[in-house]
């Protein structure tokens with residue numbers, strides 16, 4: 001089958017890597033000929049935000065999918081009208097890529113998500129401090145999101161269409177990944193727990209299973225069911241959640257694609273998110289997502305003050321550790337905060353897992369050959 | 001690092017697939033532009049048996065390796081002289097690719113292997129019936145090997161340089177895979193047990209761990225040590241063994257490369273033979289090869305009477321089974337006996353494993369769109 005992917009980053013690369021177990025043909029559209037997928041697929045240079053580029057790329061594919069949600073959704077709709085299968089469908093991508101539509105979707109479907117106001121510009125604000133401002137479009141990896149705490153902060157509000165959102169008093173950040181195929185079958189991955197690096201606003205450790213009560217698990221199961229029923233699209237969706245200090249779960253946001261919070265599934269689960277995504281894209285029976293023990297993931301991000309040809313420190317030491325798996329993304333150049341790879345770890349207990357992850361974090365540095 | 005691979009078949013494909021976890025550049029030399037590796041590497045069309053082709057291909061690589069042993073060994077030696085690292089080295093490839101040298105190697109190093117006579121032509125035979133005739137060069141997947149039982153059979157002896165070998169009264173066929181890096185570190189995979197399909201003379205099921213006594217295990221450990229000490233080359237080597245009905249272990253033959261008998265390590269071991277091979281090729285610390293339970297592998301080979309565009313039957317049913325992993329080789333066309341893929345299975349006991357494998361074997365057929 002000819003599978004077209006919009007975006008050629010690490011998510012696409014790990015998807016293709018997993019899917020090399022099967023006999024499909026992968027085509028990738030990306031503006032960067034040096035992208036992570038270029039050497040391992042039929043690469044097409046082009047802009048996935050450009051209507052014509054996407055249409056030309058997609059028209060002869062059996063299925064078109066995405067590894068980034070910031071794509072031209074109108075062209076996806078046009079492809080659907082031409083009879084090309086698009087997974088996830090254009091409707092779901094549109095909802096998710098615009099924060100205002102995404103929040104309205106939660107509201108309409110009674111999915112708990114923090115109270116909000118949608119604004120077209122800063123002057124429309126009618127929402128009490130403190131709050132989070134999320135740009136309607138273009139946010140990614142913490143970009144396009146800022147916290148407005150004080151009257152003084154109001155000066156730095158972005159004057160663009162945005163969602164202003166109530167600040168949750170966060171106890172834990174959680175994530176659940178759901179696969180839904182065209183036949184309507186759905187399968188949820190065990191919930192993972194994140195620890196963020198506040199400085200880079202990037203995911204740091206991701207741990208599975210999350211240490212949560214049965215009640216919290218029930219709330220998440222209900223959210224997953226509500227989401228699955230409402231989204232009306234096949235796809236792999238990552239729902240990022242906040243558990244507040246009163247034990248209530250809120251949806252932060254959803255990604256209509258493979259997600260950083262699912263990387264530990266590569267070795268930690270019976271099947272990974274990449275395998276599940278493959279099955280979703282091809283409308284195959286969904287995969288078993290069982291976990292056998294404790295697993296966790298550490299992102300490898302470019303160190304501050306280093307740019308240029310990447311030079312990893314400590315990887316040989318990490319290779320000597322049992323139940324430890326390095327995944328690099330085929331990126332030649334590093335820059336501060338750039339996601340260059342990750343390391344997955346298996347363990348027999350949460351304590352052992354956190355110890356291993358912390359030790360590995362102390363070993364590895366993502367620097368550059370010259371500063 | 002620029003890694004050059006001679007051969008673009010499934011072994012190379014699964015090697016590259018695994019190594020996509022790292023940041024290297026893979027170049028493949030194969031005569032067939034439709035080979036399993038073509039779409040996922042820098043492909044060079046050429047003959048790995050041709051001196052000039054191999055030399056031209058290898059000269060600008062950081063390391064040259066093989067996924068098939070029937071390559072031009074003189075060109076590997078020439079590359080070594082030019083300073084290109086070759087893993088496994090040309091000396092070990094030469095020994096293994098010629099059955100007469102291989103048998104002499106065992107004899108010299110006191111590695112137990114069945115009694116034999118080396119002949120240049122049929123008239124030189126001075127070896128009592130029954131015996132196995134193995135052509136000196138070119139044997140593969142059971143080709144170039146025949147059993148001579150009776151005086152009448154002598155008529156069909158091949159009149160070419162060969163090894164005539166004593167027939168072992170086989171209780172079990174076993175295999176052990178050893179990784180040796182340039183630094184001298186070596187690591188052995190747990191022994192696997194094979195069940196062959198007598199009709200196709202192809203590996204059928206491969207099971208890990210093998211059901212063998214401590215004494216047999218000791219014999220194999222000793223063989224592995226003798227081999228490692230004698231071969232004088234980094235590499236991943238698969239030693240195929242016979243356990244005879246008196247409990248003695250004999251070396252059947254060795255492959256200086258990734259091997260079909262190690263495929264179940266993809267999900268059955270902490271790290272697969274492909275990961276280990278990567279570390280050998282790059283002289284990195286070797287990987288942990290621990291097994292967690294029982295694992296097995298079923299080859300998917302083209303059914304008799306079907307040739308042409310492949311059409312698999314039953315794969316969707318297999319996808320519904322837990323702890324079951326399909327691996328196809330990206331081959332468009334099937335023919336009788338062609339290795340098209342394999343299926344790995346995990347289980348909690350040997351009985352459960354054999355039951356699952358037998359069930360899966362009954363589900364899957366490798367046919368063609370038209371007969």
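Chains as they are written, first to last, in UniProt numbering: chain A, 1 to 371; chain B, 1 to 371. Where a beta carbon is used, it is the ideal one built from N, C-alpha and C, also for glycine.
For residue 63 of chain A, the secondary structure class from DSSP, reduced to helix, strand or coil, is strand. Boundaries of the alpha helix (DSSP H) harbouring residue 106 of chain A: 99-108, taken from the DSSP string.
Interface criterion met: the Cβ of residue 330 of chain B is under 8 Å from a Cβ in chain A. In this structure residue 300 of chain B is not in contact with residue 239 of chain B, their Cβ atoms being roughly 25 Å apart against a cut-off of 8 Å. The Cβ of residue 288 of chain B sits closer than 8 Å to at least one Cβ of chain A. According to the DSSP secondary-structure assignment, residue 30 of chain B is paired through a beta bridge with B/45.
For residue 179 of chain A, the enclosing beta strand (DSSP E) starts and ends at 170-180. Taking a contact as a CB-CB distance under 8 Å, the pair residue 185 of chain A and residue 286 of chain A counts as one, their CB atoms being some 5 Å apart. Within the stretch 206-291 of chain A, the runs of beta strand (DSSP E) that reach at least 3 residues and sit entirely inside it are, in chain order, 235-244, 249-255. Under the Cβ criterion of 8 Å, residue 22 of chain A is counted among the residues facing chain B. Distance between residue 245 of chain B and residue 191 of chain A, taken at the CA atoms: about 52 Å.
A direct Cα-to-Cα measurement between residue 280 of chain B and residue 65 of chain B gives close to 10 Å.
Taking a beta-carbon distance threshold of 8 Å, residue 319 of chain A counts as an interface residue toward chain B. Residue range 2-6 is occupied by the beta strand (DSSP E) that includes residue 3 of chain B, with no alpha helix (DSSP H) assigned at that position. In the pairwise beta carbon analysis, the stretch 162-171 of chain B is classified as not touching the stretch 223-230 of chain B: fewer than three pairs are separated by under 8 Å.
270: these are the residues of the stretch 250-275 of chain A whose beta carbon lies less than 7 Å from some beta carbon of chain B, given in chain order. Residue 188 of chain A: member of the beta strand (DSSP E) spanning 186-188, first to last residue. Put simply, of B/296, B/289, B/284 the residue whose alpha carbon is nearest the alpha carbon of residue 260 of chain B is B/296.
Contact residues of the stretch 297-323 of chain A toward chain B are 316, 319, 320, 322, 323 (C-beta to C-beta distance below 7 Å).
Not a single CB atom of chain B sits nearer than 8 Å to the CB of residue 363 of chain A.
Among the CB atoms of chain B, one or more fall inside 8 Å of the CB of residue 284 of chain A.
Under the 8 Å criterion on CB atoms, residue 291 of chain B is classed as non-interfacial with respect to chain A. Contact of residue 180 of chain A with chain B is not assigned, every C-beta pair being separated by 8 Å or more. Within chain A, no residue has its beta carbon less than 7 Å from that of residue 187 of chain B; the closest one is some 12 Å off.
Taking every protein chain shown into account, the CB of residue 1 of chain B has fewer than 16 other CB atoms within 10 angstroms, so this residue is exposed. Contact residues of the stretch 328-356 of chain A toward chain B are 328, 330 (C-beta to C-beta distance below 7 Å). Under the criterion of beta carbons closer than 8 Å, residue 274 of chain A and residue 18 of chain A qualify as touching, at roughly 4 Å.
For residue 233 of chain B against residue 83 of chain B, the beta-carbon gap comes to about 17 Å, at or over 8 Å, which does not count as contact. Here the stretch 85-99 of chain A makes no contact with the stretch 25-36 of chain A; the two share fewer than three CB pairs at distances below 8 Å.
In the DSSP secondary-structure assignment, residue 296 of chain B is bridged to B/207, B/345. Here DSSP, grouped into helix, strand and coil, assigns residue 58 of chain A to helix. For residue 5 of chain A, no CB of chain B lies under 8 Å from its own CB, so it is not counted at the interface with that chain. Residue 360 of chain B has a beta carbon lying at 8 Å or more from every beta carbon in chain A. DSSP places residue 96 of chain A in the helix class (H, G or I) of the three-state scheme. Taking the beta carbon of residue 17 of chain A as reference, the chain B residues within 8 Å of it are 17, 20, 21, listed in sequence order. Of the other Cβ atoms in all chains shown, 16 or more fall within 10 Å of the Cβ of residue 53 of chain B; this residue is therefore buried.
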